[in-house]
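One rule links them: number in this note's numbering = place in the sequence shown (from 1) + 1178. These notes concern the structure reproduced below.
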Amino acid sequence: MKTQLLMLGIALALAAGCQKLLPPAPPTPVLLSPEARAAMQTRIFNGRYERVFAATIATLQDTGWTLGVVDQLAGIIRATTLRKTESLGPEDERGLNLNTRREIIRLHADITKKWSRWQELLIHAEPWNHGSQTCQRIVMTLRGTLPAMSFYEEQGGAWYRHGRSVLIHAPPEEQAVEVDLPEAYADFFERIEQALRQRQEN
C-alpha cells in the first residue's frame, strides 16, 4: 500500500512538472471612484492665489516641462514634456503581457515604427477660503502617436497551410492614458509646496 501511494505521489509530481508555464497575465487595472480620483488630483495650498500660481510655474520650469497655455485670469496651465520614441504605446505598456510586449518591441525595432511619447499636464487653480488659500486640480496624461506603417507578417492556419508572408497596412494610431498613481500627484504637489515655502521665506 505504501509503495502504491509513493508511486502515485511521484506520478502526480511528474505530471505537475510537465505542465506548460503560462505567461503572466497583465495586471488588472484598479478603477478609482470619481471621489478618490478628485482627492488624488486636488490639493489646497495655504497661500494666496498669485503666489501659488507663480510657485507652480516655477516648479514646472524647474522640472523640465514646456509651458503651452498659461492663463492666470482663468486659472489654467497646460504643459508638456519633450517627445521621445518608444516601442510601446501608453495603453500597450499597461495592458499587454510580457510575451506580447516583446513581440511588439521586435516589430517596432525600426525607428519609423516607434511611438512618439510624451506627457501632458493640465492644471486648474482658483482662490479658496475667501482668498487666503488656493485650490488646485492637476490631471496628468500619458500620450502617444504611432505613424501609419506597412510590414510583413507570417500567416498560418487553414488558409495558409505552409505559412505565408502577408503585407499589413496599419493606419496611424493615437493613445491617451490618464495617470492614476497617487505618488505622481503627491510628488508634484510637494514640489509646489517647497517652492511656495521658499517664496514665503523671502
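Cβ atoms here follow ideal geometry from the backbone N, Cα and C, with glycine treated the same way.
Here D1270 is buried. Its C-beta has 16 or more other C-beta atoms within 10 Å. Proximity to I1301 across Q1378, P1212, S1211, A1233 peaks at A1233, based on C-alpha coordinates. In the assembly as shown, I1254 is an exposed residue. Its beta-carbon has fewer than 16 other beta-carbons within 10 Å. Here DSSP, grouped into helix, strand and coil, assigns Q1219 to helix. Beyond the five residues adjoining it in sequence on each side, W1243 comes within less than 8 Å, by CB distance, of A1257, T1258, T1259, L1299 in the same chain, given in chain order.
In this structure, R1377 sits away from T1237, with a CB-CB distance that is not shorter than 8 Å. Between the beta-carbon of K1292 and that of T1263 there is about 4 Å, and that keeps the pair under the 8 Å contact cut. The stretch 1341 to 1349 and the stretch 1306 to 1323 do not touch, with fewer than three beta-carbon pairs separated by less than 8 Å.
Taking C-alpha positions only, E1379 is separated from A1373 by approximately 10 Å. Short of 6 Å from the beta carbon of M1218, and not among the five residues preceding or following it, lie these beta carbons of its own chain, in chain order: P1360, Y1363.
Counting only unbroken stretches of 4 or more residues, the alpha helix (DSSP H) elements lying wholly within the stretch 1231 to 1306 are 1268 to 1273, 1276 to 1285, in sequence order.
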